[in-house]
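Residue numbers (my numbering): 7 to 295. In this text, a Cβ means the ideal position worked out from N, Cα and C, and glycines have one as well.
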DNA sequence: GGGTTAACCTGCGGGC
DNA sequence: TGCCCGCAGGTTAACC
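Here it is as structure tokens:
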């Protein structure tokens, strides 16, 4: 699933293959793909040059020139942005197609499960220090961007009364982390997913944040190695990083650190993977699934 | 107002 | 063989 490293890989691909080009046409093949568009998706884009590709957390956007609007994208769980020969067949999962006035490769938003979306939106009026598209003004900085303040994160995290994994998945607290990298970071930091946020010691918060950054950076390096020139995303899944996963999806397999079998717990209608040996839950912890 | 849950959606794999 | 069900998961509206 696309989390920060996958989205950053896509952003870099767009920066290389799409920025500087002018949109000729925008075609919506499935209305759900633009369900969050305030209106005028197909009318606003043609004639605009795509000036830059930016990202915060799992959202990315192309700034339109003139710079009053952005083409905002979220890949959801299965979204891909593919650049290729405009004459190639249009597969059944293509939801939106953009062509360019240079007649070169087109851009296709492909999304099997339709959780992703595109929208042409204005920028938020107040969102210093970064100019953000209005619909994502509430999304917190991600841990790899300069605007991220570890002290602010630590204070907000420990003020909460919930479990630490729930907090990591809350994009208004810290963005870019999804189910896979949350489990991996917690494993590295040796913290149980249900650990109460208001009991975390400063050293544990630091350990957690270091682990989050480490796992995101490692995945980013892995994502950066395996996409070819005209294929913007890797594959919309996390396959390339599979071999590096210590806990996620490894129920029953020995923990790489202590050998205890990894355990799967139901959590928020999905799963949490952890090692009962080195990620123990303090006695009496209230479990927020 | 913070915390939590259900709904959205499709393909795949397991069980019968 | 084919059907049914559970599972995968990010965001947000709606609830408590």
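query: Test item: CB-CB of residue 57 and residue 70 under 8 Å; result: yes
query: Distance, residue 74 Cα to residue 24 Cα; result: 19 Å
query: Residues that residue 100 bridges to, as DSSP identifies them; result: 116
query: Helix, strand or coil at residue 111 [DSSP, three-state]; result: coil
query: Top-ranked residue by Cα proximity to residue 107, from 99, 55, 207; result: 55
query: For residue 130, three-class secondary structure by DSSP; result: coil
query: Cut-off 6 Å between Cβ atoms - residues of its own chain near residue 199, not counting five sequence neighbours on either side; result: 171, 192, 278, 280
query: Whole-angstrom C-beta distance between residue 185 and residue 119, which should lie under 8 Å; result: With 8 Å as the limit, residue 119 and residue 185 do not qualify as a contact, their Cβ atoms being about 15 Å apart.
query: Contact between the segment 150-164 and the segment 196-212 (3+ Cβ pairs under 8 Å); result: yes
query: Rounded separation between residue 68 and residue 103 - CA only; result: 15 Å
query: Stretch-stretch touch, CB-based, cutoff 8 Å, three pairs: the segment 33-52 with the segment 91-105; result: yes
query: Whole-angstrom distance between residue 287 and residue 261, CA atom to CA atom; result: 16 Å
query: Assigned secondary structure, residue 245 (DSSP; H/G/I helix, E/B strand, else coil); result: Confidence at residue 245 is low in this model, with a pLDDT of 48, below 50, so its placement is unreliable and the value that follows should be read with caution. In the structure shown, residue 245 sits in a helix (DSSP, three-state: H, G or I).
query: Separation of residue 88 from residue 114, as counted between CA atoms; result: 5 Å
query: Cα-Cα separation between residue 9 and residue 196, rounded to whole angstroms; result: 21 Å
query: Per DSSP, cross-strand counterpart(s) of residue 86; result: 116
query: Selected residue, minimal CA-CA separation from residue 116, among 136, 62, 127, 82; result: 82
query: Spatial neighbours of residue 270 in its chain, beta-carbon cut-off 6 Å, leaving aside the 5 residues before and after; result: 257, 277, 279
query: Residue 60 - partner residues in DSSP beta bridges; result: 67
query: Residues of its chain near residue 253, where Cβ-Cβ distance is below 7 Å and the 5 sequence neighbours each way are ignored; result: 189, 190, 193, 268, 279, 280, 281
query: Exposure of residue 259, with buried meaning 16 or more beta-carbon neighbours within 10 Å; result: exposed
query: Residue 94 to residue 224 span [Cα, whole Å]; result: 34 Å
query: Where the alpha helix (DSSP H) through residue 198 begins and ends; result: No alpha helix (DSSP H) contains residue 198, which DSSP labels as neither H nor E.
query: Proximal residues to residue 33 (C-beta, below 6 Å), its chain only, five neighbours per side dropped; result: 103
query: Residue 34 in three-state terms, based on DSSP; result: strand
query: Close Cβ partners of residue 27 (< 8 Å) along its chain, the five nearest in sequence each way excluded; result: 55, 56, 106, 107, 108, 110
query: Reference residue 13, options 142, 60, 40, 128, closest by Cα; result: 60
query: Best match in 85, 274, 202, 272 for proximity to residue 290 [C-alpha to C-alpha]; result: 202
query: Simplified DSSP assignment, three categories, for residue 291; result: coil
query: Where residue 24 sits in the DSSP three-state scheme; result: coil
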